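Protein chains: 2
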Amino acid sequence: MHDILFKHLEEKVTLTPGEKELITTFFASKKLKKKQFLVVEGHVCKYLSFVTKGLLKAYNTDEKGNEHINQFTPEGWWTSDMNSFFRGDISFYSIDAMEDSEVLVITSEDFENLTLQVPVMDRYFRLLFQNSLITKERRLISSYTHTAEEKYKHIVEKNPDLIKRVPQNLLASYLGLSPETLSRLKKNVFPGHK
Amino acid sequence: MHDILFKHLEEKVTLTPGEKELITTFFASKKLKKKQFLVVEGHVCKYLSFVTKGLLKAYNTDEKGNEHINQFTPEGWWTSDMNSFFRGDISFYSIDAMEDSEVLVITSEDFENLTLQVPVMDRYFRLLFQNSLITKERRLISSYTHTAEEKYKHIVEKNPDLIKRVPQNLLASYLGLSPETLSRLKKNVFPGHK
DNA sequence: AAATTCGATTGATCCAGATCAATTATTTAT
DNA sequence: ATAAATAATTGATCTGGATCAATCGAATTT
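Next up, the structure:
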């Protein structure tokens, strides 16, 4: 259960058996059925969650009722409304399961204790956030500089795996496009294909 | 010189006198005249820089020759092309001084040594990156959901200080707008004013 | 202080992608 | 299996903001 978590932690930092044991005690396991919510927009996001199985999505609903997907989270990745989790504000995003899923969750108080008791976790999350920041920055620049078609080509190339698991309308939302636009531009990207 | 740096570090973590002394040895001071480059797009970004005076900008030039500003960095903030600095790739951004400025710089090897010798720096940067990530995420969602006018109103409200120091065409670039659009929408936001 | 460079404004036109609407798959639930 | 709900496609139209172009203003440079 925690094996996937340790595998990921140990890609970035070295852990002693004692630290591993301690880390285990901080996380609770949670099963989510498809469509079940982990966080609901407007509530406080109580958990930082590591996905061990399945696929979640985090999204915001704007004033006009349009949903904007912020993140897809498959196995081996973390998800949360960070602003809500770390600062206690109400959550801007809802997070729900796109498939039957399993997550390891930690509360913010426990997160604080974990980093104090196992300082190398600060290093792990420093590296994790550092990488996320690089990715997020790229996405932001891409949102300004790339055309709809370029954005689609790019994600197909970089995340072929994800494309297969995600309905097209939700992928459109993630890319900041309307479903119609994504449907149309596919013909240009794969002219010959069904 | 390093005082501003310590003031900022100590907002997030506690440092012993010994740690402070050690930290000091890792940073070199650098003066930049207005328009001078700290990094040039296409080269490796050698430094992570803490601005102690002045104002820098980080920007990318796309295929069509348009500049897209990624970040304005005034005193008390960090700047770098993180992907280049941490991974050694060539830099996607250029960074230059918008005013005569002073920065404290650290190389990536020294950054690695710093975090190993002063582990609490991992915590500091974990917290720093965590906050940056929250901000960057908001900007990304905003780029999809908000109109040009909303983006402008928002930044005027949140960064009134910055607005005064930044020419309008560069602010437009930061917001992903053309200078013409920003000029026009101002009339709607401040109808009475000159 | 004149000259040059750079930024801001205003007007006219254009276009990528959104929106509205209808039709046809494809899932999901019963 | 059948019905109901949801997703994808296609067509027609609209629009926010970009682009092109000219003028005006402000700041640097010599």
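Quick mapping for you: the protein sequence lines, in order, are chains A and B. With my numbering as the guide, the letters of the first sequence map in order to residues -9 to 184. With my numbering as the guide, the letters of the second sequence map in order to residues -9 to 184. For glycine and all other residues, C-beta sits at the position ideal for the given N, C-alpha and C. Since the structure is predicted, the reported quantities are computational estimates derived from the model, not experimental observations.
Looking at C-beta atoms only, is the number of pairs between the stretch 16 to 23 of chain A and the stretch 126 to 140 of chain A that lie closer than 8 Å three or more? With the cut-off at 8 Å, the stretch 16 to 23 of chain A and the stretch 126 to 140 of chain A do not touch.
Contacts of residue 5 of chain A in chain B (Cβ-Cβ under 8 Å): Counted from its first residue, the first sequence places residue 5 of chain A at position 15. Those do not exist, as residue 5 of chain A stays about 15 Å from chain B at its closest Cβ, beyond 8 Å.
Please report the straight-line C-alpha distance between residue 180 of chain B and residue 82 of chain A, rounded to a whole angstrom. The residue labelled residue 180 of chain B in the question sits at position 190 within the second sequence. The residue labelled residue 82 of chain A in the question sits at position 92 within the first sequence. Distance between the alpha carbons of residue 180 of chain B and residue 82 of chain A: 29 Å.
For the alpha helix (DSSP H) containing residue 50 of chain B, name the first residue and the last one. The residue given as residue 50 of chain B occupies position 60 in the second sequence. Per DSSP, residue 50 of chain B belongs to no alpha helix (DSSP H); it is in the beta strand (DSSP E), 45 to 51.
Spatial neighbours of residue 146 of chain A within its chain, please: C-beta separation below 8 Å, excluding the five flanking residues on both sides. Here residue 146 of chain A refers to the residue found at position 156 when the first sequence is read from its first residue. Same-chain partners within the cutoff: 153, 179.
Run down chain B in chain order and give the residues with a C-beta less than 7 Å from the C-beta of residue 130 of chain A. Working through the first sequence from its first residue, we reach residue 130 of chain A at position 140. Correct list: 126, 129, 130, 133.
Listing by chain order, which chain B residues have their CB less than 7 Å from the CB of residue 58 of chain A? Start at 1 with the first residue of the first sequence, and residue 58 of chain A comes out as number 68. Residues of chain B passing the Cβ test: 131, 134, 135.
Does the distance from the CB of residue 44 of chain B to the CB of residue 87 of chain B come in under 9 Å? Sequence index remark: in the second sequence, residue 44 of chain B carries index 54 (1-based). Sequence index remark: in the second sequence, residue 87 of chain B carries index 97 (1-based). The Cβ atoms of residue 44 of chain B and residue 87 of chain B sit closer than 9 Å to each other.
Outcome for residue 127 of chain A when other beta-carbon atoms lying within 10 angstroms are tallied against a minimum of 16: One-based indexing of the first sequence puts residue 127 of chain A at position 137. Flag for residue 127 of chain A reads buried.
Contact under 9 Å by Cβ, residue 164 of chain A with residue 73 of chain A: Within the first sequence, numbered from 1, the residue matching residue 164 of chain A stands at position 174. Within the first sequence, numbered from 1, the residue matching residue 73 of chain A stands at position 83. Contact flag unset, no.
Do we get a CB-CB distance below 9 Å when we pair residue 86 of chain B with the residues of chain A? The residue labelled residue 86 of chain B in the question sits at position 96 within the second sequence. Closer than 9 Å: no.
Pick out whichever of B/-5, B/99, B/85 has its Cα sitting closest to the Cα of residue 69 of chain B. The residue given as residue 69 of chain B occupies position 79 in the second sequence. The option with the nearest alpha carbon to residue 69 of chain B is B/85.
With a threshold of 9 Å between beta carbons, is residue 157 of chain B in contact with chain A? Taking the first residue of the second sequence as position 1, residue 157 of chain B is located at position 167. No, residue 157 of chain B lies away from the interface with chain A (no Cβ there is under 9 Å from its Cβ).
Taking 9 Å as the CB-CB limit, is residue 171 of chain B close to chain A? As a first step, residue 171 of chain B is located in the second sequence; it is residue number 181 there, counting from the start. Judged by the 9 Å Cβ criterion, residue 171 of chain B is not in contact with chain A.
Check whether the stretch 113 to 128 of chain A touches the stretch 45 to 55 of chain A, counting contact only when three or more Cβ pairs, one atom from each stretch, lie closer than 8 Å. With a cut-off of 8 Å, the stretch 45 to 55 of chain A and the stretch 113 to 128 of chain A do not count as touching, because too few Cβ pairs lie within range.
Test item: CB-CB of residue 13 of chain B and residue 104 of chain B under 9 Å: The residue labelled residue 13 of chain B in the question sits at position 23 within the second sequence. The residue labelled residue 104 of chain B in the question sits at position 114 within the second sequence. Between residue 13 of chain B and residue 104 of chain B, the C-beta spacing is below 9 Å.
Run the CB neighbour count on residue 25 of chain B, radius 10 Å, all protein chains shown included, and call it buried at 16 or more, exposed below. The sequence position of residue 25 of chain B within the second sequence is 35, counting from 1. By the C-beta density criterion, residue 25 of chain B is exposed, having fewer than 16 other C-beta atoms within 10 angstroms.
Does the beta carbon of residue 122 of chain A sit closer than 9 Å to a beta carbon anywhere in chain B? By 1-based counting over the first sequence, the position of residue 122 of chain A is 132. Residue-level contact by beta carbon holds for residue 122 of chain A and chain B, with a gap shorter than 9 Å.
Status (buried if at least 16 other CB within 10 Å, exposed otherwise) for residue 39 of chain A: The residue labelled residue 39 of chain A in the question sits at position 49 within the first sequence. Residue 39 of chain A should be labelled buried.
Report all residues from its chain with a CB closer than 8 Å to the CB of residue 171 of chain B; omit the five preceding and five following residues, and keep chain order. Looking up residue 171 of chain B in the second sequence gives position 181. Cβ neighbours of residue 171 of chain B within its own chain (closer than 8 Å, five residues either side excluded): 138, 162.
Using a C-beta cutoff of 9 Å, does residue 50 of chain A count as contacting chain B? Looking up residue 50 of chain A in the first sequence gives position 60. Chain B contact via Cβ: present.
Assuming residue 19 of chain A is part of the beta strand (DSSP E), what are its boundary residues? In the first sequence, the residue the question calls residue 19 of chain A occupies position 29. Segment 18 to 22, the beta strand (DSSP E) holding residue 19 of chain A.
Chain A contacts from the stretch 95 to 109 of chain B (Cβ-Cβ distance under 8 Å): The residues in question are 105, 109.
Should residue 173 of chain B be labelled buried (16 or more other beta-carbon atoms within 10 Å of its own) or exposed? Position 183 of the second sequence holds residue 173 of chain B. Residue 173 of chain B counts as exposed, since fewer than 16 other C-beta atoms from the protein chains shown sit within 10 angstroms of its C-beta.
Where residue 184 of chain B and residue 167 of chain B are concerned, what is the direct C-alpha to C-alpha distance, given to the nearest angstrom? Within the second sequence, residue 184 of chain B is the residue found at index 194, counting from 1. Within the second sequence, residue 167 of chain B is the residue found at index 177, counting from 1. Only weak support exists for where residue 184 of chain B lies, its pLDDT of 41 falling under 50; the value from the coordinates is given anyway. Distance from the CA atom of residue 184 of chain B to the CA atom of residue 167 of chain B, rounded to whole angstroms, is 22 Å.
What does DSSP give as the partner residues of residue 105 of chain B in its beta bridges? As a first step, residue 105 of chain B is located in the second sequence; it is residue number 115 there, counting from the start. When DSSP reads this structure, residue 105 of chain B sits in no beta bridge, so it has no partner.
Leaving out the 5 sequence neighbours to the left and right, which residues in its chain are closer than 7 Å to residue 10 of chain B when beta-carbon positions are compared? Taking the first residue of the second sequence as 1, we reach residue 10 of chain B at position 20. Excluding positions up to five away in sequence, the list reads -4.
In angstroms with no decimal places, state the Cα-to-Cα distance between residue 47 of chain A and residue 35 of chain A. The residue labelled residue 47 of chain A in the question sits at position 57 within the first sequence. The residue labelled residue 35 of chain A in the question sits at position 45 within the first sequence. So the two alpha carbons sit approximately 14 Å from each other.
Through-space distance from residue 129 of chain B to residue 93 of chain B, alpha-carbon basis: Position 103 of the second sequence, counted from the start, is the residue given in the question as residue 93 of chain B. Position 139 of the second sequence, counted from the start, is the residue given in the question as residue 129 of chain B. Going from the Cα of residue 93 of chain B to the Cα of residue 129 of chain B covers about 26 Å.
Looking at residue -9 of chain A: is its Cβ nearer than 9 Å to the Cβ of residue 63 of chain A? Locating residue -9 of chain A in the first sequence gives position 1, where the first residue counts as 1. Locating residue 63 of chain A in the first sequence gives position 73, where the first residue counts as 1. Not closer than 9 Å, so no.
If I'm right that residue 2 of chain A touches residue 142 of chain A with Cβ under 8 Å, what's the distance once you round it to whole angstroms? To locate residue 2 of chain A, count along the first sequence from 1; it is residue 12. To locate residue 142 of chain A, count along the first sequence from 1; it is residue 152. Taking a contact as a CB-CB distance under 8 Å, the pair residue 2 of chain A and residue 142 of chain A does not count as one, their CB atoms being some 31 Å apart.
Does the distance from the C-beta atom of residue 75 of chain A to that of residue 16 of chain A stay below 9 Å? Taking the first residue of the first sequence as position 1, residue 75 of chain A is located at position 85. Taking the first residue of the first sequence as position 1, residue 16 of chain A is located at position 26. Their beta carbons are not under 9 Å apart, which means residue 75 of chain A does not touch residue 16 of chain A by this criterion.
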